[in-house]
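J.: Here it is, the structure in full.
Chains as they are written, first to last, in my numbering: chain R, 1 to 193; chain D, 1 to 243.
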């Protein structure tokens, strides 16, 4: 949430322009500014796993939202629109830099090198989870990430993506199942160790 | 054999997707089978690890400078304006806005129709107004003999609907000049003023030209045709075929 000082600063900076969004639209967008940037940031972070890049992408997504806010007919779908925008921008950034392949290679190297001994270490564990997540099909991966962000509330994820709740539940199940299959060896070795 | 069936249910059970009846059956079996109980616990640990791992990937908060930078960038953005009809429709969320937008559109259409109705049907460019320079001491052109006011040609009748720029009034006579003929008229006025052209003679010639042309009836006298006289030499009337 924006505090009063931040809101004042934002209002001052916005009022300096000649023509801005309509007042009511402006207020609506300010409300979105309170919580939506974090959502965009987390979506980008889930894809990019780099805080600086995730912030850049989240800012770009919010700027696009600001530019197109007056064209959005159903404002209740703003969060879903923002999530998809942040997701797409993140994927574009990965494709542009070819960083995904590089990141997967790093993860696989760590996988082989560390083995069972250090798998319990959280950093390595996250790396393996990230690698398994990257292997998911895009539809499953998006649902998996959003479910993690929204606390596995399938209804909210369904609302965000504009999908039936049953579809989200099914995708989430398959995503978790595939990831569990991928990481089965990790937990087995951990328990064995 | 029974264990194989339950092993296939483990992941679904760990993810909470197994039906209650099957889950109860699996738990009953796991209570009596050490291997299946261990597999079930491991499956649950894997599922929890997956969820925990994915959550940890996205649990981060943006830096404190993130919002400040975002506000600055938004403030620097060029202003988005609701200029398209899509924007109007999007902006017209409530009925009052929709009514106002509709009323504005109707008023605009009515104004447009009014303007179109007032426009002349034939495009007739406004004639230029050429006036003699005010520094000239003598007014030469038509003021000497005022012309009778001629009836306005039909193609110029619409000219009164055209709004002309208001020019400062000059004591010198002003004449309306068709577009493109300003230079010629000025030269003609200079010629009259310099005496190279006799204005009086021109007016006389104009009077002569304006008189109605009288045409007498055409009378054609009958053509007289004289009788043909042929001189025949003597002895020429004999038939040459009989010789």
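For glycine and all other residues, C-beta sits at the position ideal for the given N, C-alpha and C.
If you measure from the beta carbon of residue 53 (chain D) to each beta carbon in chain R, is any gap under 8 Å?
T.: With 8 Å as the cut-off, residue 53 (chain D) counts as an interface residue toward chain R.
J.: Taking its Cβ as the centre, do 16 or more other Cβ atoms sit within 10 Å of residue 117 (chain D), making it buried, or is it exposed?
T.: Burial check for residue 117 (chain D): the Cβ neighbour count within 10 Å stays below 16, so the residue is exposed.
J.: Hey, would you say residue 36 (chain R) sits closer than 8 Å to residue 79 (chain R), going by beta carbons?
T.: yes
J.: Quick check for students: name the residue ranges of the alpha helix (DSSP H) that lie wholly in the stretch 25–85 of chain R, counting only runs of 4 or more.
T.: The stretch 25–85 of chain R contains these whole alpha helix (DSSP H) runs: 51–68.
J.: Contact check, residue 176 (chain R) vs residue 50 (chain D) under 8 Å by CB: the rounded distance?
T.: About 6 Å separates the beta carbons of residue 176 (chain R) and residue 50 (chain D), which is inside the 8 Å limit, making them a contact pair.
J.: Quick one: is residue 54 (chain R) buried, meaning 16 or more other Cβ sit within 10 Å of its Cβ, or exposed?
T.: Label assigned to residue 54 (chain R): buried.
J.: DSSP state of residue 152 (chain R), grouped into three classes?
T.: coil
J.: Is DSSP giving residue 224 (chain D) helix, strand or coil here?
T.: coil
J.: Pairs of beta-carbons, one from the stretch 6–16 of chain D and one from the stretch 32–52 of chain D, closer than 8 Å: are there three or more?
T.: yes
J.: How many Å lie between residue 181 (chain D) and residue 112 (chain D) at the Cα?
T.: Spanning the alpha carbons of residue 181 (chain D) and residue 112 (chain D) requires a straight line of approximately 35 Å.
J.: Taking 8 Å as the CB-CB cut-off, is residue 143 (chain D) touching chain R?
T.: With a pLDDT of 46 at residue 143 (chain D), under the threshold of 50, the modelled position of that residue is not reliable, and the figure given next carries that caveat. For residue 143 (chain D), the answer is no, since every Cβ of chain R falls outside 8 Å of its Cβ.
J.: Compute the Euclidean distance between the alpha carbons of residue 19 (chain D) and residue 33 (chain R), then round it to the nearest angstrom.
T.: 42 Å
J.: With 8 Å as the C-beta to C-beta threshold (strictly closer), list the residues of the stretch 172–187 of chain D near chain R in chain order.
T.: none
J.: Which whole-angstrom value describes the C-beta separation of residue 96 (chain R) and residue 44 (chain R), a residue pair presumed to lie in contact below a C-beta threshold of 8 Å?
T.: Not really, about 14 Å apart at Cβ, beyond 8 Å.
J.: Please name the residue, chosen from R:172, R:182, R:186 and R:181, that lies closest to residue 17 (chain D) on a Cα-to-Cα basis.
T.: Among R:172, R:182, R:186 and R:181, the Cα nearest to that of residue 17 (chain D) belongs to R:172.
J.: Cutting at 6 Å between CB atoms, please list the residues of its own chain near residue 150 (chain R), excluding the five before and the five after it.
T.: Non-local beta-carbon contacts of residue 150 (chain R) in its own chain, meaning distances under 6 Å to residues more than five positions away in sequence, involve 156 and 157 in chain order.
J.: Can you tell me the Cα-Cα spacing of residue 153 (chain R) and residue 147 (chain R), whole angstroms?
T.: 6 Å
J.: What are the start and end residues of the alpha helix (DSSP H) that includes residue 36 (chain D)?
T.: 34–58
J.: Could you check whether the Cβ of residue 173 (chain R) sits closer than 8 Å to any Cβ belonging to chain D?
T.: yes
J.: Just the C-alpha distance for residue 48 (chain D) and residue 4 (chain D), rounded to the nearest angstrom, thanks.
T.: Approximately 23 Å, taken between the alpha carbons.
J.: Count the other C-beta atoms from every protein chain shown that fall within 10 angstroms of the C-beta of residue 213 (chain D), then say buried if there are 16 or more, exposed otherwise.
T.: exposed
J.: Once you ignore the five residues that flank residue 144 (chain R) on each side, which residues in its own chain have a CB closer than 6 Å to its CB?
T.: 175
J.: If we define contact as Cβ-Cβ less than 8 Å, is residue 67 (chain D) a contact residue for chain R?
T.: yes
J.: Checking contacts by CB at 8 Å: is residue 62 (chain D) closer than that to chain R?
T.: yes
J.: If you drop the 5 nearest sequence neighbours on each side, which residues of the same chain put their C-beta closer than 7 Å to that of residue 39 (chain D)?
T.: 7 and 10
J.: Count the other C-beta atoms from every protein chain shown that fall within 10 angstroms of the C-beta of residue 67 (chain D), then say buried if there are 16 or more, exposed otherwise.
T.: buried
J.: Assuming residue 41 (chain R) and residue 58 (chain R) are in contact, meaning their beta carbons sit under 8 Å apart, how far apart are those beta carbons, in whole angstroms?
T.: Contact check for residue 41 (chain R) and residue 58 (chain R): beta-carbon distance about 4 Å, within the 8 Å limit, so the pair qualifies.
J.: Can you list the residues of chain R that residue 15 (chain D) reaches, using a CB-CB cut of under 8 Å?
T.: 173, 176, 177 and 180
J.: Let me check understanding here. Comparing Cα to Cα, which of D:192, D:24, D:33 and D:21 lies closest to residue 2 (chain D)?
T.: D:33
J.: I'd like to know whether the C-beta of residue 154 (chain R) is nearer than 8 Å to at least one C-beta of chain D.
T.: no
J.: Would you report the Cα separation of residue 81 (chain R) and residue 89 (chain R), rounded to the nearest angstrom?
T.: 12 Å
J.: Flag residue 149 (chain R) as yes if its beta-carbon sits less than 8 Å from any beta-carbon of chain D, otherwise no.
T.: yes
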